[in-house]
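Read in order, the letters of the sequence shown are residues -7 to 230 in the numbering used here. All C-beta atoms in this analysis are idealised placements derived from N, C-alpha and C, irrespective of residue type, glycine included. See structure below.
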Amino acid sequence: MAGLSIRDARKSFGDTEVLKGVSIDVADGEFAVIVGPSGCGKSTLLRAVAGLEELDGGSIAIGERDVTALAPSERGIAMVFQSYALYPHLTVRENMAFALRIAKADKRAIDEAVRRAAAILNIEELLDRKPAALSGGQRQRVAIGRAIVRAPQLFLFDEPLSNLDADLRVRMRYEFAELHRALGTTTLYVTHDQVEAMTLADRIIVLRDGRIEQVGPPRELYERPANLFVAQFLGSPR
Ligand code: ADP
Ligand code: MG
């Protein structure tokens, strides 16, 4: 495991400056949650950490390693998106094993990693099914399972629950908390759901228009929002 350090991340698309110098430190084993309105740069930031988007300036380190110039596969990261495309022709087991197969892990190690991830996510009885035979929540669990089997140093989650219905979202919220208790993997999690952020976060990072507005534990942001914007997102209704 390792912490994450983002220093002065900058990114523009054409004339639009999307990240205007974002610095974030996530401690080893911490669960950090980024919140902010649609279009403020959350996904761009996560994609940059994953290596799917090249920064115009700034740097990213995982533990002691500067990963700014590394390919996604070299960063030790697993990312789960809102739309968790599974391979439809593969079983759950094969979907979860896929990355390890590509990496040429040995068969016994792959089986063991899949079995452990399936146990954590409570999907053991689904391993031989195809994605089409699963519910939305089950599919999202498989997508998370795919991330877990890779034993990454860092999890990145980009609104992983926003495609699920309200009931399921609540249940899955607890599963993320359980998952974090079980694995302790450093996590950067994006959501626009206030309750999700308050429930899951060790610290919340409020992003607005490519800049950080405030960082702190949920309770601190709730009770002492730095400004009206943070208050509207997370603050106490008083
Ligand atoms: P969020 O995830 O917070 O909703 P995004 O990071 O997806 O925000 O997008 C931030 C801004 O960057 C938006 O204005 C979006 O239109 C723009 N943007 C994101 N990706 C691209 C891209 N590949 N090309 C051009 N503009 C983009
Ligand atoms: Mg987004």
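Bounds of the beta strand (DSSP E) holding threonine 8 are 8 to 18. Judged by the Cβ position, lysine 34 qualifies as a neighbour of the ligand MG at the 6 Å threshold, a heavy atom of the ligand being closer than this. For the pair lysine 34 and glycine 43, the CB atoms are not nearer than the 7 Å cut-off.
Annotation for valine 10 indicates a beta carbon within 6 Å of some heavy atom of the ligand ADP. Taking C-beta separations shorter than 6 Å and ignoring five residues to either side along the sequence, the partners of serine -3 in its chain run Asp17, Ala53, following chain order. DSSP, reduced to helix, strand and coil, places leucine 44 outside both helices and strands of the structure shown, so it counts as coil. The closest heavy atom of the ligand ADP lies 6 Å or more from the beta carbon of phenylalanine 149.
The count of Cβ pairs closer than 8 Å, one atom from the region 6 to 13 and one from the region 171 to 191, stays below three, leaving the stretches out of contact. In the structure shown, tyrosine 214 adopts helical secondary structure according to DSSP, grouped into three states. Ranked by Cα distance from alanine 61, the options Asp48, Met71, Phe73 are led by Asp48.
A distance criterion of 6 Å places the beta-carbon of serine 75 beyond contact range of the ligand ADP, judged by its closest non-hydrogen atom. For alanine 89, same chain residues with a beta-carbon under 6 Å away, outside a window of 5 residues either side, are Ile102, Val106 in chain order. Between aspartate 20 and glutamine 186, the alpha-carbon positions lie close to 24 Å from each other. Residue state for serine 30 is assigned as coil, using DSSP reduced to three classes. Where glycine 129 is concerned, the enclosing alpha helix (DSSP H) starts and stops at 128 to 141. Between the alpha carbons of valine 162 and valine 198 lies a distance of about 22 Å. Under the DSSP assignment, aspartate 150 falls in the beta strand (DSSP E) whose first and last residues are 146 to 150. When only Cα atoms are considered, valine 59 and leucine 37 end up about 14 Å apart.
Glycine 202 counts as buried, since at least 16 other C-beta atoms from the protein chains shown sit within 10 angstroms of its C-beta.
Under the 10 Å beta carbon count, aspartate 157 is surrounded by fewer than 16 other beta carbons and is classified as exposed. The DSSP-derived three-state label of glutamine 74 is coil.
Relative to the ligand ADP, the beta carbon of serine 154 is positioned no closer than 6 Å to any heavy atom.
Between glycine 68 and arginine 2, the C-beta gap is not smaller than 7 Å, which leaves the two residues out of contact. Distances between the C-beta of glycine 49 and the heavy atoms of the ligand ADP are all 6 Å or more.
Inter-residue distance for valine 72 and leucine 146 is about 11 Å (C-alpha atoms, whole angstroms).
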